[in-house]
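Its first residue numbered 14, the sequence shown is counted upward by one per residue in this note's numbering.
All C-beta atoms in this analysis are idealised placements derived from N, C-alpha and C, irrespective of residue type, glycine included.
All values reported here derive from a predicted model rather than from experimental measurement.
Below: one structure, written as structure tokens.
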Amino acid sequence: MNCPREQFQLQVFQRQASLSFPQRFRRDVTMAGKKVQDRTFHIAVVGLSGDERTKGSVGVGKSCLCNRFVRPHADHFYKDHISIISQIDFSGRVINNDHFLYWGEVNRQLEDGSSVTCSIMELTEFIDDQSFQPLRGHGDKDYKKRCKSSLSSAEKLMYICKDQLGDEVNYDRKIMPDGKFVVDGFLVVFDVSHVQNRPPNKQYSFILDLLSGPLSKSKKPCVLVATKCEEPEEKALDEVRALKDKKKVALVETSAFENVNVDFAFLTLINQIDKTKKLPKEVPFINGIKKQKELLDKVEDAYMGLLLRTVTDYHDIWNRTKKKLVGEDHYNTYLKYFGSEIAAKKFKSHTKKLREDKQQWKKQQCLDTLPKALEDMLPDLKSIDGKDWEACKGIMSAHPNYKE
Ligand code: GTP
Ligand code: MG
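In structure tokens:
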């Protein structure tokens, strides 16, 4: 007689065997498919944060990096994210009395056709706009101690931009799922630009401590991200490269403003979390920025060509024209990279040029007919007969063809 455990295994085996091959195959495929689809990569973005004495006059670029990755469209990319806020905004549903921001989820297509879902969180430090001291929120006071692999916050809303604070009802309201964020890996930001009042070596020692202490303890993969690389300070670049060698971590050089290597930084971390996720080929920063410039030039040429073809009358107005352009790929791509404000400005300078061209053309026509008109109205010296310019103008304006 079989024991209960063996009986159970036998039943499972018999059930499996009773399934036809396609049924079993489908089950495996769905299971495999589910495993692939269900995985969401939870990524925490960390870096030197705090008041001006700690980080200098501006932040290291965590928010802009998250923003560019989660909402890359030019209309949804904001360069200005504040961390000096009022107690009321700190207690609102977006900040929720925490020192972290939930940036939401985003899907990215990989080169092999598969896709990954990433959930993004930024660990920062909010400063009271009255006292200029860190606000008292949930969790530890010390930033480094807050760099843990699990954070919770009930009913916390996704952050979009600073104008959203206090005006949440007018923005997309997405709640952080389960009130919890369990980190799979850390992106460790290192600003390589010159920042006023940033104490020398502060960033280097801070990141070194972070990588050697809490992040190493968490046992989660880490990737170093150099930010603002389009305006680097050589010394800072040397420091971040030294950190890369010392801590044996991957380093990706990025610029959120120029949109260079931002996706690559996140995908590098995803690849470290799950090696089956293939990475695109790495592009050195200098080539990345060149490639991006070429792409932008192409996008701009295509949009200008479209305007030339569709807008031929300088009386056209933007509100009507943009409705006509909605279905046009060149227009939509331009919006994605440059944004609607610049698209409208380009339209206005195009119609201004059309008006100037038209005026120039009219003027040229007048100049071309002037000799003939003068010949008609004042054909010889006798018709002028010592008259001054005012008198000549009087003769011409009295001529029957003067108005034509
Ligand atoms: P805190 O959360 O306040 O600690 O700051 P942060 O690390 O989130 O920095 P944030 O992204 O807010 O950027 C700080 C400043 O750097 C802002 O003035 C940004 O506009 C600027 N900045 C961010 N990314 C870039 C970049 O790629 N290039 C340049 N030149 N400036 C950038
Ligand atoms: Mg920030």
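beta-carbon residue i near the ligand MG non-hydrogen atom, thresh 7 Å
i	result
E65	no
E246	no
E135	yes
Through-space distance from residue j to residue i, alpha-carbon basis
i	j	result
V49	K288	With a pLDDT of 47 at V49, under the threshold of 50, the modelled position of that residue is not reliable, and the figure given next carries that caveat. Taking the straight line from one Cα to the other gives about 13 Å.
D398	P413	21 Å
D141	P147	6 Å
N300	V205	18 Å
K359	V58	36 Å
G318	D185	35 Å
Y327	E181	41 Å
K291	A263	15 Å
Q285	K304	26 Å
L237	Y347	31 Å
S396	G407	12 Å
L223	A315	46 Å
K371	I108	55 Å
K233	L282	10 Å
L23	N183	The predicted position of L23 is uncertain, since its pLDDT is 41 and thus under 50; a value taken from the coordinates is nonetheless stated next. L23 and N183: Cα-Cα distance of roughly 58 Å.
E246	K175	29 Å
P297	T267	10 Å
C405	Q378	22 Å
Buried versus exposed call for residue i [16 or more other C-beta atoms within 10 Å across all chains shown]
i	result
D235	Reading the sequence as shown, one finds Cys at residue 235 and not Asp. So C235 ends up on the buried side.
K365	exposed
T43	Note that T43 has pLDDT 41, beneath the 50 cutoff, so the model's placement of it is unreliable and no number is given.
L136	buried
H112	buried
E403	exposed
W374	exposed
I445	Absent from the structure is residue 445, since the part of the chain shown begins at 14 and ends at 417.
P190	exposed
V208	buried
K75	buried
N345	exposed
S293	Residue identity differs from the one stated: residue 293 is Pro in this sequence, not Ser. Exposed, by the Cβ-count rule.
C131	buried
A45	For A45, the predicted model reports a pLDDT of 47, less than 50, meaning its position is unreliable; a value from the coordinates is still stated below. By the 10 Å Cβ count, A45 comes out exposed.
Y415	exposed
I330	exposed
A269	buried
L228	buried
G226	exposed
M322	Note on identity: in this sequence residue 322 is Arg, with Met being the wrong assignment. So R322 ends up on the exposed side.
> Any chance the region 238 to 250 sits against the region 268 to 278, with 3 or more Cβ pairs inside 8 Å?
Replying inline: yes
> What does the shell around the ligand GTP hold, if a residue joins when its beta-carbon is under 5 Å from any heavy atom?
Replying inline: S62, V71, G72, V73, G74, K75, S76, C77, K92, H94, S96, T137, K241, S268, A269 and F270
> Is the region 93 to 109 close to the region 250 to 258, with three or more CB pairs under 8 Å?
Replying inline: no
>> For the region 150 to 168 against the region 74 to 81, do three or more pairs of beta-carbon atoms, one drawn from each stretch, fall closer than 8 Å, so that the two count as touching?
In response: no
> Is the region 381 to 391 in contact with the region 330 to 344, if contact means three or more CB pairs nearer than 8 Å?
Replying inline: no
> Counting Cβ pairs, one atom from each stretch, are 3 or more of them under 8 Å apart for the region 66 to 76 and the region 208 to 224?
Replying inline: yes
>> Three Cβ pairs or more, each shorter than 8 Å: is that satisfied between the region 168 to 182 and the region 120 to 127?
In response: no
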